[in-house]
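So in the numbering used here, spot 137 of the sequence shown is number 375, and the numbers just go up one at a time. Ideal Cβ positions, reconstructed from N, Cα and C, are used throughout, including at glycine.
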Amino acid sequence: MSNNVIDTIQPLAQAIVAAHQFELVDIEFVREGQSWYLRIYIDKPGGINIEECAMVSDELSEKLDTMDPDPIPQAYFLEVSSPGAERPLKKEADYQNAIGQYVHIGLYQKVDGKKVFEGDLAEVTPETLTINYLDKTRHKTVTVKRDQIAQARLAVKF
């Protein structure tokens with residue numbers, strides 16, 4: 239059900255966000271406890287602020303309330319926010335923009351004995367990502383196939 243909701247909402251959210259020259263980063267429709275949440279993540283160069291999130295939330299809420307049939311028949315909470323410092327990498331442009339940045343890559347299966355790599359994204363090709371990472375005190379490089387990636391996001395380096 240959540241994929242159907244996302245597929246229905248995505249063009250509407252994209253149009254509203256694009257009209258303000260913002261970027262639609264991601265959409266989630268998830269159940270947490272007894273409640274459903276429709277989360278819209280937006281951004282722009284230099285970052286998005288709370289007033290811009292509120293503006294998009296108001297416009298999207300108004301449009302959703304007038305859609306017939308209702309794309310989300312159950313009660314839900316609408317949240318519009320920035321993707322934050324640990325922004326997910328979903329689109330090709332996200333990966334290209336992340337080259338040279340510190341990333342967290344989670345895999346479906348182990349590569350070199352690990353399912354998670356955190357390091358600097360060194361190279362992006364249509365088929366692979368190359369990450370330079372620190373394994374204890376040793377600098378290493380790993381190349382993973384894109385179809386092995388369960389999730390990818392920017393990460394904060396400590």
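- A check of alpha carbon separations from leucine 345 across Asp303, Arg376, Pro311 and Ala390 identifies Ala390 as the nearest.
- Measuring C-alpha to C-alpha distances from aspartate 350 to each of Val382, Val255 and Thr366 identifies Val382 as the nearest.
- Note that the C-beta distance between leucine 276 and serine 299 is not below 7 Å.
- The residues Leu327, Leu359 and Leu392, in chain order, have a CB closer than 7 Å to that of alanine 336 in the same chain once the five nearest residues on each side in sequence are set aside.
- Inter-residue distance for glutamate 290 and histidine 258 is about 9 Å (C-alpha atoms, whole angstroms).
- Within its own chain, the residues whose Cβ lies closer than 7 Å to the Cβ of glutamine 334, once the five positions on either side in sequence are excluded, are Val362, listed in chain order.
- In this chain, the alpha helix (DSSP H) harbouring valine 255 covers 240 to 257.
- Residue environment analysis places aspartate 303 among the exposed positions, since fewer than 16 neighbouring C-beta atoms fall within 10 angstroms of its C-beta.
- Burial state of alanine 251 is buried, judged by a 10 Å Cβ sphere holding 16 or more other Cβ atoms.
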